[in-house]
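Heads up: the sequence lines are chains H and F, in that order.
Residues in the first sequence are numbered from -1 upward in steps of one, following our numbering.
Residues in the second sequence are numbered from -1 upward in steps of one, following our numbering.
We treat Cβ as the ideally placed atom computed from N, Cα and C, and that holds for glycine.
Bear in mind the structure is a predicted one, so any value in this text is a computation, not a measurement.
The structure appears below as structure tokens.
Number of protein chains: 2
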Amino acid sequence: MWKPDRTSKTALYQQIAEYIEQRITLGEMPPGSMLPSERKLAEQLGVNRSTVVQAYENLRASGIIDSTTGSGTRVTKSRMGMAQLQTPNWNRYVEGGTLLPSLPFLRKIREGVQSGEPFINFANGELAPELSPNEWIRNVLQNQPFHEPLGYGDPQGYVPLRNALASFLLEHRAIKATDDSILVTSGSQQSLYLITQCLLSPGDAVAIENPSYNYSLPMFQSAGIRLFGLTVDKDGVDPEEIRTLFKLHRIRMVFLNPNYQNPTGTVLSTQRRADILACCEQLGIPIVEDDPFSLTSMDEEVPPPIKSLDRSGTVLYIGSLSKVAASGLRIGWMVAPHTVLQRLVDARQQMDFGLSIFPQWIAAHLLDSSALTPHLYRLREALRSRRNLMANALNRMLRDKISFELPAGGLNLWCKINEDVDDYTLLRNGFKRGVLFVPGSVYGSEAGFVRLSYARPAVEDIEIGISKFSEALHETITR
Amino acid sequence: MWKPDRTSKTALYQQIAEYIEQRITLGEMPPGSMLPSERKLAEQLGVNRSTVVQAYENLRASGIIDSTTGSGTRVTKSRMGMAQLQTPNWNRYVEGGTLLPSLPFLRKIREGVQSGEPFINFANGELAPELSPNEWIRNVLQNQPFHEPLGYGDPQGYVPLRNALASFLLEHRAIKATDDSILVTSGSQQSLYLITQCLLSPGDAVAIENPSYNYSLPMFQSAGIRLFGLTVDKDGVDPEEIRTLFKLHRIRMVFLNPNYQNPTGTVLSTQRRADILACCEQLGIPIVEDDPFSLTSMDEEVPPPIKSLDRSGTVLYIGSLSKVAASGLRIGWMVAPHTVLQRLVDARQQMDFGLSIFPQWIAAHLLDSSALTPHLYRLREALRSRRNLMANALNRMLRDKISFELPAGGLNLWCKINEDVDDYTLLRNGFKRGVLFVPGSVYGSEAGFVRLSYARPAVEDIEIGISKFSEALHETITR
Ligand SMILES: Cc1ncc(COP(=O)(O)O)c(C=O)c1O
Ligand SMILES: Cc1ncc(COP(=O)(O)O)c(C=O)c1O
């Protein structure tokens, strides 16, 4: 973002006024559009509020913007020379469309993350920079000469990567797949998007775990899909509940995250995996098995995936490198029956003409490399010590106020607050103190839960962050 | 794709039978699903048809597949051990969803391209391998140490790339933009997808050029958008037609491809650019200016883009590296007013959590590099000689049968056939002879036009390809 130049001879307020005027003239902020509040803009630009007040004053005096008490500051509609222009009413356009906007909670958190302020981030379920294989990726880039074609690629994905994935899935997940049955996507998120956009229709009912990461995704609502929750107990989801939901609502698909479920950290038991598959086979409904965390086991290994038991083509299996290597790589995959893949490949083609060759080429090298196993080993070690650090701090500072199970893998600790609290107040109180986390209600749970990710913050910030969280919680309870 | 091993002691037909059985057992081809015809599979595997006949015979004997005359070969529904499984009726699922399948024409062409057969490809509007800056990209990878964060990135795009784009757009397209007003996308295709999904609603009417690349995109129909055509004459589109369409159908957006329009090659005149902007400003409807070809001028430069005249925030400008560097990079951009960008960024976040850092990092280096200008110079030279080669061959072999204008830029030659021909027959006759091109009807034109791309085939294949096309055309006319 633009910042005023403090070494310039032009006064700060004047630089700001000129900058805003220029953006208005270029149509970036058309007549009628809202300017940020003085307080907010001052924060963004790192200047005193009075400087922004002066800049706005200036623009108001030239008739470029006007302010009405209560409804903020806007670009003047009848600016000289602009009077004739009836610019598009963009507000009406952005309210249209079929993709719903994100949850306000999540937007608030994202704004925090992007503000550049030094928040301690327990909100993002991603790896800290030192947990990603930076050195190793640099090596691939520098030492593997790149000789791949640079035209539009195969919309199903780069063949060497599909081959590498077939071996990887066999070795690490006991899944037999051929390059033909694998689709490369830009992460699990795109896999989920393709499934909801191409295989489900508005009005369809689907079952998802409750709480679940999927509740945080507006994409289901955007596609007009009705969500029904399956209770998550310590062994995951009960197949009988699937049967009941099928009878009641004719659910057409079941979404499961069987390993270190996001947000609860639960592992679906071996028995239930088999039972759920049998149940869904009998009912003829597909299972989407979302498995981004299985290779992050800190204690024991997870049972083989449902897909490894599937002989009937019931399971759409999706995975990703986001949680075990680098989410910025944007590489995920799906294993599915042919008819399904063909349909999804065709749709993906329409959305973006397929993936860039570069992340695919890098991912193929990573998966084929002998450095993969040592990397995973180090990752698990690091996650274990981070998790323990967080758990110890929580036990020390908040023993009577909260309760949680130690997750055996994944990036998140799911924490129940033993007293009545308002989610939004707690989030705000954390925000004020510089700590970010996700309230459980984002995942569809009742109030009084939070998801704390131990993978993202700097190790040395974990304890400090928990003490800030503890302060925020105490403030929220006593109010 | 899997191929039988010709050095193995196991007979080919047996290898094929085992391979198919394995895929059925893994649920990749669930009970009831169709197998390819014997002829087609033989082609795909590069074996005699009789070998496949024997393999199918074998599988039929084991009760794994069955064939009914007229309706082909399918995986048996009541296989032993499978009898209980009522697998998902995938056919019903893949027919659902909101994204419509691609045009059969385009699928046929794509199959041809992917078959691995040595087709001469006048169909794909992309650069031949030798026109892409391979060496230069290899240099970036090997000599620029990669030190970027590997977490989920900024969903609006990598900031150094947005800065590089701001300078690039100012220098090459006279567009003033800040990093804040630029969204990085995975190509123009994703920009168009975001616009149709987020800013338009089902039932909305939009105006597009006729013929137009946009007609080939099922995404408009998928989003329930009604398309109305604007005639393209030698100076592009007439603003009066926009006014008329607005009166008749309340069109809500105008899509234009003003430079070397795909497929006609037309350039919108300077006067009309100003007039169209004024007209749309007055009506309050946005213009989507799709500009992938402007830097491919072979003769003279094109006029400045409509966006460079825009002071009212009426134009959404989209560009891409696909046609000037490498389509496999998947890097595009959009310049738009703030409200619009915020909405699109939020939606993109839901679709794929933003773009991979790697193509963005490479693109930033390419755009910042002093090698860009010489690359563009070489590209234009090469395109010019390819275009001339194609035009000369056409004039020599088909002077009386066709007519065309020499395009001054872009990758395509738009060719009118002076006699009545059936598009599909012509395509098939070309296919038989090993030459691919796109019938004009894909772009919404009346029958009797074809789009021939001179950028993709090997230079030495251009003449040969045109002679094959000429044969195909003669056969189609005389039938
Ligand atoms: C359960 C689950 N599925 C999918 C995703 C999306 O991950 P990506 O698109 O980065 O692969 C996440 C990320 O948090 C997740 O937790
Ligand atoms: C006019 C036009 N717009 C958009 C595109 C999509 O290009 P990309 O998504 O590769 O940037 C094309 C490709 O042919 C095109 O011709």
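Close Cβ partners of residue i (< 8 Å) along its chain, the five nearest in sequence each way excluded
i, result
"E298 of chain H", "A406"
"R270 of chain F", "D233, G234, V235, D236 and P237"
"V484 of chain H", "In this structure chain H extends from -1 to 477, so residue 484 of chain H is not present and cannot be described."
"L139 of chain H", "I360"
"G70 of chain H", "M32, L33 and S35"
Per-residue contacts from residue i into chain H (C-beta, under 9 Å)
i, result
"D178 of chain F", "M(-1), W0, R21 and E26"
Interface partners of residue i on chain F, CB under 9 Å
i, result
"D152 of chain H", "Q112"
"D308 of chain H", "L24 and G25"
"R160 of chain H", "Under the 9 Å cutoff, chain F gives no residues; its nearest Cβ is about 10 Å from R160 of chain H."
"P405 of chain H", "None at all; the shortest Cβ gap to chain F is about 20 Å."
"P116 of chain H", "Result: empty, since nearest Cβ-Cβ is about 15 Å, beyond 9 Å."
"K245 of chain H", "None at all; the shortest Cβ gap to chain F is about 16 Å."
"Q187 of chain H", "Q347, Q348, M349, D350 and F351"
Neighbour list for residue i in chain F, Cβ cutoff strictly below 8 Å
i, result
"H336 of chain H", "E26, M27 and S31"
"L215 of chain H", "Q348"
"I360 of chain H", "F356"
Neighbour list for residue i in chain H, Cβ cutoff strictly below 7 Å
i, result
"N410 of chain F", "Per Cβ cutoff of 7 Å: no residues; N410 of chain F is ~15 Å from chain H at best."
"A324 of chain F", "L148"
Inter-residue CB distance, residue i and residue j (contact presumed, cutoff 8 Å)
i, j, result
"T268 of chain F", "V230 of chain F", "About 17 Å; that fails the 8 Å criterion."
"R171 of chain F", "P335 of chain F", "That belief does not hold up - the Cβ atoms of R171 of chain F and P335 of chain F are roughly 18 Å apart, past 8 Å."
"C277 of chain H", "I223 of chain H", "Not really, about 21 Å apart at Cβ, beyond 8 Å."
"S184 of chain H", "G330 of chain H", "7 Å"
"L387 of chain F", "E461 of chain F", "7 Å"
"T337 of chain F", "V111 of chain H", "Going by Cβ atoms, the distance from T337 of chain F to V111 of chain H rounds to 22 Å, so no, they are not a contact pair."
Cβ-based neighbour list, residue i, same chain, cut-off 7 Å, excluding 5 preceding and 5 following
i, result
"K305 of chain F", "I173, E287, V313, Y315 and V333"
"M251 of chain F", "L198, V204, I283, P284 and V286"
"G463 of chain F", "I118, F120, V433 and P455"
"I400 of chain H", "L392, C413, K414, I415 and N416"
"K1 of chain H", "L43 and G44"
"T37 of chain H", "According to the sequence provided, residue 37 of chain H is Arg. The question's Thr does not apply to it. R47."
"S214 of chain F", "L101, L104, V440 and Y441"
"R58 of chain H", "D64 and S65"
"G68 of chain F", "none"
"R328 of chain F", "S184, G185 and P357"
"S451 of chain F", "F120, A121, N122, G123, L409 and N410"
"S295 of chain F", "R378, A406 and G407"
"R384 of chain H", "Y452, A453, V457 and I460"
Same chain only: Cβ atoms within 6 Å of residue i, ignoring 5 sequence neighbours per side
i, result
"S325 of chain H", "E124"
"L293 of chain F", "V322 and L374"
"R244 of chain H", "Just to set this straight, residue 244 of chain H is Phe in the shown sequence, not Arg. For F244 of chain H, where only same-chain residues beyond five positions count, the Cβ hits under 6 Å are L281."
"G114 of chain F", "none"
"A81 of chain F", "Residue placement at A81 of chain F is flagged as unreliable, the pLDDT there being 43, under the threshold of 50; a coordinate-derived value is accordingly withheld."
heavy atom of ligand 3 below 8 Å from residue i C-beta
i, result
"L125 of chain H", "Because ligand 3 does not appear in the structure shown, any question about it cannot be addressed here, the ligands present being ligand 1 and ligand 2."
Chain A contact for residue i (CB, 9 Å cutoff)
i, result
"A15 of chain F", "No chain A is present in this structure, whose protein chains are H and F."
Residue i: contacting residues in chain F (beta-carbon distance under 7 Å)
i, result
"F144 of chain H", "I135, R136 and L139"
"L319 of chain H", "Within 7 Å Cβ-Cβ: nothing; L319 of chain H doesn't reach chain F, min ~10 Å."
What are the complete beta strand (DSSP E) segments, minimum 3 residues, inside the region 239 to 263 of chain H? 251 to 254
Quick one: any contact between the region 354 to 366 of chain H and the region 428 to 437 of chain H, if contact means 3 or more CB pairs under 8 Å? no
Taking three-plus beta-carbon pairs below 8 Å as touching, is the region 310 to 320 of chain F in contact with the region 182 to 200 of chain F? yes
Examine the Cβ distances between the region 461 to 471 of chain H and the region 386 to 400 of chain H and report whether three or more of them are shorter than 8 Å. yes
For the region 416 to 462 of chain H, which segments carrying the alpha helix (DSSP H) assignment without a break, of at least 4 residues, lie completely within its bounds, in sequence order? 421 to 431
Whole alpha helix (DSSP H) runs in the region 336 to 422 of chain H with 4 or more residues, listed along the chain? 336 to 350, 355 to 366 and 370 to 396
Note down, one range per segment and in chain order, each alpha helix (DSSP H) of at least 4 residues found wholly within the region 137 to 225 of chain H. 157 to 171, 186 to 196 and 216 to 220
Should the region 146 to 154 of chain H be called in touch with the region 149 to 163 of chain F, which here means at least 3 C-beta pairs below 8 Å? no
Kindly confirm or deny that the region 243 to 258 of chain H and the region 378 to 386 of chain F touch, where touching means at least three C-beta pairs closer than 8 Å. no
Touching or not, the region 439 to 458 of chain H and the region 17 to 29 of chain F, by the rule of three or more beta carbon pairs under 8 Å? no
Three or more beta-carbon pairs under 8 Å between the region 45 to 63 of chain F and the region 10 to 18 of chain F, yes or no? yes
Could you name each continuous alpha helix (DSSP H) segment of 4 residues or more that falls completely within the region 16 to 60 of chain F, going from the start of the chain to the end? 36 to 43 and 47 to 59
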